[in-house]
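Asker: Residue numbers for the sequence shown follow my numbering, so the first one is 22 and each next one is one higher.
Structure provided below as structure tokens; questions to follow.
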Amino acid sequence: MIILPISLTIAAGAALLNLWLSIRVGRVRTKEKVFVGDGGNELVTRRMRAHSNFVENTAFVLILLALVELGIGSSMWLWGVGALYLVGRILHALGMDGMMWGRMVGTIITMLTQLGLAGFALFIVYATPTNVTTTEIEQTEVVVPK
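Structure follows, in structure tokens:
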């Protein structure tokens with residue numbers, strides 16, 4: 022069994038963050054009585070976009086995080102990258118409510134996280150020496166239970 026503690030922990034954090042973002046959308050929808058779409062309400066639109074933006078970016082980060090962890094194992098810097106990503110997404114969501122510096126910082130953290138993980142993933146692939154080994158199977162025997 023392979024367990025990726027960093028990826029699993031960050032994925033769990035991302036799932037909780039996704040729930041928080043969903044609840045924030047639901048609260049403002051109820052308050053503003055907008056139940057389908059954005060109803061032309063700017064706050065509903067902002068909350069929806071914060072949630073959508075989270076979903077749009079998080080899948081890539083989690084996939085890259087898991088594959089990098091699988092490739093190199095657990096490391097403190099990978100923990101830091103995952104945690105920083107979640108902090109960035111929280112800042113982005115708060116920034117969408119008006120704390121503009123949070124939106125900007127969250128966006129920058131998100132982009133740098135993806136760029137860094139993508140770059141490191143490519144580094145792992147092309148910097149790791151590979152030896153191609155083939156095995157020939159000469160005969161296959163099928164055993165049928167009696």
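From the three backbone atoms N, C-alpha and C, an ideal C-beta is built for every residue, glycine too.
(1) Name the residue from 108, 90 and 24 whose alpha carbon lies nearest to the alpha carbon of residue 125.
(2) Buried or exposed for residue 69, please, with buried defined as at least 16 other CB atoms from any protein chain shown within 10 angstroms of its CB.
(3) Compute the distance between the beta-carbons of residue 120 and residue 67, then report whether it is under 8 Å.
(4) Determine the closest residue to residue 22 out of 111, 91, 77 and 133, with distance taken between C-alpha atoms.
(5) Quick check on residue 127: buried or exposed, where buried means 16 or more other Cβ atoms within 10 Å of its Cβ?
(6) For residue 49, collect the residues of the same chain with a Cβ closer than 7 Å to its Cβ; drop the 5 residues on either side in sequence, then sort them by chain order.
(7) How is residue 61 classed by DSSP in three states: helix, strand or coil?
Answerer: Quick look at the numbers:
(1) 108
(2) Buried.
(3) no
(4) Out of 111, 91, 77 and 133, 91 has the C-alpha closest to the C-alpha of residue 22.
(5) Buried, by the Cβ-count rule.
(6) 64, 65 and 68
(7) Of the three classes helix, strand and coil, the one that applies to residue 61 here is coil, per DSSP.
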